Each structure stands twice: as C-alpha cells, then as structure tokens.
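Take 261 as the starting number for the sequence shown in the working numbering and just add one per residue.
For glycine and all other residues, C-beta sits at the position ideal for the given N, C-alpha and C.
Bear in mind that the values here come from a model prediction, so they are computed numbers and not experimental data.
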Amino acid sequence: MPASGPGARVTMLQRRSLMSLAAGAALAIPSLTRPALSQGAASRALRFVPQANLANFDPIWGTQYVVRNAGMMVWDTLYGVDAKFAPQRQMVDSEEVSGDGLTWTFKLRSGLRFHDGSPVLAKDAVASLNRWAVRDPMGQMIRAIQNELVVVDDNTFRWSLKQPYPKMLLALAKTNSPCSFVMPERIAKTDPFQQITEFVGSGPFRFVREEWVPGARAVFAKFDGYVPRDEAPDWMAGGKRVMVDRVEWVVMPDPATAAAALQNGEVDWWENPIADLVPVLRRSRNLNVDIADPLGNVGSFRMNHLHKPFSDPRARRAVLMALSQEDYMRALVGDETDLFKLMPSFFTPGTPLYTEQGGEILKGERNYDGAKRLLQEAGYTGEPITLLVAQDQPITKAFGDVSADLLKRIGMNVDFVATDWGTVGSRRASKAPPSQGGWHIFHTWHAGADCINPASYTAMRANGDQAWFGWPNNSAVEAARDSWFAAPDLAAEKAAVAEMNRLAMEDALWGPTGFFMSYQAWRKNVEGVVKAPIPFFWNVTKS
C-alpha cells in the first residue's frame, strides 16, 4: 500500500529525483577538497562518510549517535559488550564483588596511557564515572544507591552501595549514549551540563583537533601508545587493533554526492546510504552493500512535556491517534518492505521482551477527527508548534516532512524549523519555551540494540528533570521499569515490560514511528567491517 498524505507523496517524488541524480553523479563528481596524498599514504587513510556532522564532541553532555561513535574511537571504557551483549573487561584487569553485592572493587590493567602521555589512574576513572552517572539513566540509578565511589590506590577504585545492583557491569559496558568513557580527571571534573573543550582520551585513536572543521571533516589518528587486549576482537570487547594510520570523517549531507564519491573511490566507507541509492551502489563491482545492523532502529517522534500543548497528555495522544507509521517508513525506505515493520510498541520487534500491550492507539485507521477533538480538550488554540527538522540527516528529514503534513491535518499551526543535526542536538537540550529558543517536537531514532529492554533505554525514562529531552514525568512508568530490574525470571521481566509499554502508550510518552533497518556500503579493498549498532574502526584494513 503506498504512503498516504501529501507530505509522503512529495517525499517520494524527491526520492525519485535523487535516484536519477545519483545515477549520473558518479561520472561528474569533483575531487574532494583535501591535500593530495601519495598512493601509500592514501592506503593508510580510511575515509568515512558519517551519518551527520560532528558539530560538538562531548559524549557525556549529549546523546547523539554521531558523537558516541566518534567517542568510541578516542575514549576507552572500563568494560565493553560483545556481539551477544555480554559485558567483558576492557580497561579493567579484574573486579571483586563482596558476598552481599554491596561493594565493587575494580583494578585497572597496566600500561594504559592518555593521548597526552600521562598514565590512566584510578582517580581518572572515579572522576569520569561521577560525571557520567549524572547524565546516564543507569548511572543515575547507581548514584541513588551509592555510599561512596573512592580511589583505593593508583590502579584501584571502589564503589560501595546501599543495596545490590546486579547490572553494574552492563551499565559500564553498554553501547547506548552516554557511555562511561574514561577521561583525564581534569577534564572529567567539567560540569556534566557543560561541554568539555579538551578531547584527550586513552582509546585506540586520538582526535586531531587542529584538523577538525565542523561541517566538513574530523580526523582521528592512530594512537601508538594504545595497548590492545590479547583477546580476539568482538564489538567493544577484545583487542582493538588499529590497522590504518588515520580515519578521516568526510561530512557529505547530500546522499547523491556521497554515493558518487564512494563509487569513484573518493571515500572508502559510507555509514548510512539511503535505500533509494542502494541499487545504484550494488551495480558497482568495487563496492559491498549490506545491512548495517540486523537489530535495526526505532524511529522517534519526541514531544516536549514541559510546555503547552504537549504538557497535556491529551495533546500527545492526539498525535498518536493520527500518526501513521507506514507513512514514516515509506518516506524513508520506499517500497523495500523488508526493511521496515510497523510496531505498536516502544521495544525492538523480534526480541524476547517485545510487547504490543497498550499499543492499540497506533493500530488501524488513523483518527484525524478524534485527534482534533482531543486537541481542543487539551486547550490548543492554534499557537505555533515548533518542529525541529535536521535537513542534513536523511532519517530526520524524511520524518520531518511527514510530521509537518500530519500536524496540519489535525489542525496544528506548524513552525517548521529546517536546520542541521548539530543544531537540533544543542537546541533540544533547552527547557526554554519554544518562542524563546526551545522546541515542541524533534525527530530522532534509537538503535534497536538500545531498545531490547529497559536497562539502558534512555528514551523510556519518565523521571522528570532527570529524564531525556522532553522530560516526561510519570511515576507509574518508572515503577514498571523498577519492576523489570527486580524481576526474578524471564516471565516476570516480560510482565514488567508489558506494563511499562501499556503505561507509556497511555501517557503518550513519545511516538514510535516504526522499526527500520539501514544499509552501510564500503569499497572492496576495505576489510573488517562488521554488522553492529556502531561502526567499529579497529581491526579494519585498507589495501
């Protein structure tokens, strides 16, 4: 069934034009602006087109995936999850847990050094965990039950709790933002609500600050002082062995330009080619094209609970009554129905805890008249609705076009703010009224790996000022989340998640716009690219 609504039809026409442009662009693309490289130097530099511009670079202050992905290169973590989502030691050499589960003692492995040459010490880990715990949902839970987090000696620190927290290692290993990156103490002491200005880590790559041009490129050079673990690489676990001299992120907001650059060998790896261009890329014998991550993504229509009209749950429910997930998915992936699923749920389809409990509001015919009535009951009187839409991110651009049409259909006055992803990332942190630089709605997406359970699902927190952007406040949702943490078995976990889903749908915490998978594409002289929620640059070679 084709996408419905004028907005969706416009998007489809734009996408057909893009395909035609891309088919011819490969023959005409000019050379990228950069210093000329010899053949040997070129083979040691991996050129990567990221999903968006790296506009800011503090992986604790914000939660944008593009920042997290860059952060994985520069900062290391105490633990890392493997492909089975099991936490494994990374910076940590050993840990001990007291019999009552209240005291965790961690010892760092030897030889860890920061990019400035200083050793990584326990005081750095403690300061970093303190900053991370203020912003991260799991960190907030640990912080609420901690007695103290203290240095024992240069290589050892201790975290003592008032009650057991069995998921400690998962909290320190998880992939979703913010990750518990370890920074030098002097940097980690920065207020967690202020951005850092110095980017020194101990990870396998160092950030080349002097070559950073926001909007154009970011450069990461191999850190010769990094000592990888002896184990085989496995996602964020095991040995992170860097096989190239540098990785250059080349920002290309225009998909046709990125497609042509990849075909011509101007770049080596494109993180997220849009579905319409995949047939063009597949025709090139020099390229590999594959699904980036089988766990896919969950699209998000995020509303601000602090300001009218969405401070009233009736206004939020009005949106869900009219929201067509198929419109959003078709606008993004077209007719490739294998790439998306409709999901009256907040959790990743096909995973053990997936539930549709309470999801009736997203099923069946869309009720525009009912939505209009609910808006009236909520007191909406036609004030402008500030919709932030990042134009340099294909996912958010497609979603934004559909949302503009949806809101107009239910009688809302749309203030469509066409901007870039970096600006969305900064502006969505503002709690100011929309008329004073704040916002009503923005679009994003969550990696399916982050949505398989409530443990590190940032978007599902409903703890008011400490919640994610939009700041929902619903004690019943929080109680259901706590029930999942306390569940003794899988059956109890499923019951808790079903209740959490029901309550979140009832409150219209936010709007899931559907489940979708994305592609990645890379040249055949590049090896070591894996399917994962994150592009991992270690153990990748280029010949």
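- Below 8 Å, too few C-beta pairs join the segment 690-708 and the segment 408-421 to call them touching: fewer than three.
- In the DSSP assignment, D675 falls within the beta strand (DSSP E) that extends over 673-679.
- By the neighbour-count criterion, in which 16 or more other beta carbons inside 10 Å mark a residue as buried, E637 falls on the exposed side.
- Annotation: A792 to T337 spans about 17 Å, alpha carbon to alpha carbon.
- Counting C-beta pairs closer than 8 Å gives fewer than three between the segment 459-472 and the segment 769-787, which falls short of the contact rule.
- Residue environment for G594: buried (at least 16 other C-beta atoms within 10 angstroms of its C-beta).
- Excluding five sequence positions before and after S686, none of the CB atoms of its chain fall closer than 6 Å to its own CB.
- Taking Y588 as the centre and dropping the five residues before and after it, the same chain places the C-beta of G559, F659, V662, T773, G774 closer than 7 Å to its C-beta, in chain order.
- Judged by DSSP secondary structure, V558 falls within the beta strand (DSSP E) whose first and last residues are 557-563.
- Proximity of the segment 479-487 to the segment 514-527 falls short of the contact definition, fewer than three beta-carbon pairs being nearer than 8 Å.
- Between D384 and S378, the alpha-carbon positions lie close to 11 Å from each other.
- The beta carbon of E596 sits closer than 6 Å to the beta carbons of A535 from its chain, once the five residues preceding and following it are set aside; these are given in chain order.
- When rounded, the separation of the alpha-carbon atoms in R783 and G399 is 39 Å.
- In the same chain as G619, and ignoring 5 residues on each side of it, the C-beta atoms closer than 6 Å to its own belong to P604, S605, M765, in chain order.
- With respect to R307, V510 sits close: the two C-beta atoms are nearer than 8 Å.
- Every beta strand (DSSP E) stretch that sits fully inside the segment 329-403 and reaches 3 residues is listed by chain position as 339-341, 347-349, 352-357, 363-368.
- Where I655 is concerned, the enclosing alpha helix (DSSP H) starts and stops at 654-669.
- Distance between R545 and V442, taken at the CA atoms: about 42 Å.
- Short of 6 Å from the beta carbon of K434, and not among the five residues preceding or following it, lie these beta carbons of its own chain, in chain order: S716.
- Sequence-distant Cβ neighbours of P438 in its own chain, meaning closer than 7 Å and more than five residues away, are P319, I320, T323, W392, R395, D396.
- With fewer than 16 other Cβ atoms inside 10 Å of its own Cβ, F453 counts as exposed.
- When rounded, the separation of the alpha-carbon atoms in A678 and T656 is 11 Å.
- At a cut-off of 3 residues, the continuous stretches assigned as beta strand (DSSP E) that sit fully inside the segment 404-486 are 406-413, 416-421, 465-467, 477-482.
- The segment 623-634 makes contact with the segment 666-674; the number of CB pairs closer than 8 Å reaches 3 or more.
- Per the Cβ contact rule, the segment 699-719 is in contact with the segment 637-652 (3 or more Cβ pairs under 8 Å).
- Going by DSSP, R506 is part of the beta strand (DSSP E) stretching over 506-510.
- In the structure shown, E526 adopts coil according to DSSP, grouped into three states.
- Here the alpha carbon of G730 sits roughly 11 Å from the alpha carbon of M720.
- Put simply, the backbone Cα of R403 is about 30 Å away from that of K500.
- A distance below 8 Å separates the beta carbons of L314 and A478.
- R446 counts as exposed, since fewer than 16 other C-beta atoms from the protein chains shown sit within 10 angstroms of its C-beta.
- Beta bridge pairing from DSSP links D550 with Q780.
- In the DSSP assignment, V649 falls within the beta strand (DSSP E) that extends over 644-650.
- Here K754 carries a helix assignment [DSSP, helix/strand/coil].
- A buried status is given to S440, since no fewer than 16 other beta-carbon atoms sit within 10 Å of its beta-carbon.
- A distance below 6 Å between beta-carbons, with the five flanking residues on each side excluded, links A756 to the following residues of its chain, in chain order: A740, S743, W744, A747.
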